[in-house]
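Participant: In the working numbering, the protein residues as written are 3 to 282. From the three backbone atoms N, C-alpha and C, an ideal C-beta is built for every residue, glycine too. Structure provided below as structure tokens; questions to follow.
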């Protein structure tokens with residue numbers, strides 16, 4: 003399992019240390035899919051989250067960003083992490099495989115969207131314009147970067163007419179591939195797109211959204227079944243109590259404004275879609 007590990011004083015670990023279950027009494031290990039990319043910079047961006055959790059939970063916390071989506075599911079299943087940040091598809095995999103327990107999610111995750119993007123000069127203004135054009139998706143296990151947009155393309159009768167398609171591995175990589183001309187079009191998480199534009203990583207005068215997907219349930223924080231109910235609740239409360247105007251820095255890292263309770267039943271449509279596309 004490839005990982006990028008964040009360590010702060012409360013986590014009592016050294017830079018570069020890899021996770022070892024049970025190494026410290028009371029250490030809570032948090033796994034995260036690399037939705038913002040599997041880079042050290044992306045991992046370091048989660049430092050505020052780690053520090054907030056350690057402070058509010060009153061215990062050492064270690065945030066682990068895995069190098070791909072499947073590795074996060076594996077880590078939660080084998081006990082390398084206690085709680086994980088998953089996408090809709092990876093949650094369904096974890097829930098079906100070993101009973102991962104849904105905890106909380108951002109309010110926007112109940113009706114999330116994928117953003118289809120292309121260079122303005124490409125002549126791509128809608129899904130019908132994708133025939134014969136190259137397409138970039140994110141990680142093959144990404145809900146917003148692959149599963150749901152792939153299904154929407156098929157439903158629109160466009161899927162079989164696409165030109166060369168490939169998986170870039172992450173949402174930022176998809177945006178970069180489109181911006182550079184490596185792909186004619188791409189699709190990614192709407193909140194990652196907004197952050198890339200806000201941070202100046204992508205010029206919206208050069209690359210723009212030409213289609214927004216139908217809504218679907220996406221990201222969720224989930225615990226492995228062996229995590230005590232009290233620990234699951236304290237973690238959930240830490241996120242449920244985040245407020246704009248007081249916790250802006252952490253909420254910006256999480257790309258959200260408010261957290262709500264999550265329910266496994268909300269992912270029935272994601273599961274059905276994955277089965278149709280033979281991704282489950």
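1. Since residue 74 is in the alpha helix (DSSP H), which residue starts that stretch and which ends it?
2. So for residue 164, helix, strand or coil by DSSP?
3. Pull the bridge partners of residue 195 from the DSSP assignment, please.
4. Residue 64 bridges to which residues according to DSSP?
5. Check for me: the beta strand (DSSP E) holding residue 224 runs from which residue to which?
6. Bridge partners of residue 85, per DSSP?
7. Give the straight-line distance between the Cα atoms of residue 143 and residue 186, rounded to the nearest whole angstrom.
8. Out of 34, 77, 269, 214, point me to the one whose CA is closest to residue 128's CA.
9. Measuring only the C-alpha atoms, how far is residue 237 from residue 79?
10. Quick one, are the C-beta atoms of residue 206 and residue 100 less than 8 Å apart?
11. Taking only runs that begin and end inside the segment 206 to 264, name each unbroken alpha helix (DSSP H) of 4 or more residues, in chain order.
12. State yes or no: is the C-beta of residue 35 within less than 8 Å of the C-beta of residue 63?
13. Distance, Cα to Cα, residue 67 vs residue 30?
14. Among 148, 119, 133, whose alpha-carbon lies nearest the alpha-carbon of residue 210?
15. Enumerated in chain order, which unbroken segments of the beta strand (DSSP E) with a length of 3 residues or greater are wholly contained in the segment 86 to 169?
16. Determine the extent of the alpha helix (DSSP H) in which residue 55 is found, giving its start and end residues.
17. What's the gap between the Cα of residue 61 and the Cα of residue 224?
18. For residue 23 and residue 269, I'd like the C-alpha separation in whole angstroms.
19. Name the DSSP beta bridge partners of residue 188, please?
20. Return the chain-ordered list of same chain residues with a C-beta closer than 7 Å to the C-beta of residue 150, the five sequence neighbours on each side being excluded.
21. Start and end of the alpha helix (DSSP H) containing residue 280?
22. For residue 264 and residue 107, which I take to be in contact (beta-carbon distance under 8 Å), what is that distance rounded to the nearest angstrom?
23. Just the C-alpha distance for residue 124 and residue 74, rounded to the nearest angstrom, thanks.
24. Using CA atoms only, rank isn't needed, just tell me which of 161, 282, 58 is closest to residue 131.
25. Enumerate in chain order the residues of its own chain whose CB-to-CB distance from residue 258 is below 7 Å, with the five nearest sequence positions on each side excluded.
26. Cα separation between residue 277 and residue 98?
27. If you run the structure through DSSP and keep just helix, strand and coil, what is residue 171?
28. Does the Cβ of residue 220 have 16 or more other Cβ atoms within 10 Å, making it buried, or fewer, making it exposed?
Facilitator: Once the coordinates are examined:
1. Where residue 74 is concerned, the enclosing alpha helix (DSSP H) stretches over 71 to 79.
2. strand
3. For residue 195, which the question treats as bridged, DSSP gives no partner whatsoever.
4. 31
5. 222 to 225
6. 32, 225
7. 22 Å
8. 214
9. 19 Å
10. Contact: no.
11. 231 to 242, 250 to 256
12. With contacts defined as CB atoms closer than 8 Å, residue 35 and residue 63 fail to qualify as a contacting pair.
13. 14 Å
14. 119
15. 103 to 108, 116 to 121, 137 to 139, 167 to 169
16. Element bounds for residue 55: 49 to 59.
17. 19 Å
18. Note that residue 23 scores 42 on pLDDT, short of 50, meaning its location in the model is unreliable and no value can be drawn from it.
19. 119, 138
20. 116, 215, 218, 275
21. No alpha helix (DSSP H) holds residue 280; DSSP gives it neither H nor E.
22. 4 Å
23. 36 Å
24. Of the candidates 161, 282, 58, the one whose C-alpha sits nearest the C-alpha of residue 131 is 161.
25. 108, 110
26. 13 Å
27. coil
28. Note on residue 220: 16 or more other CB atoms within 10 angstroms of its CB, so buried under the neighbour-count rule.
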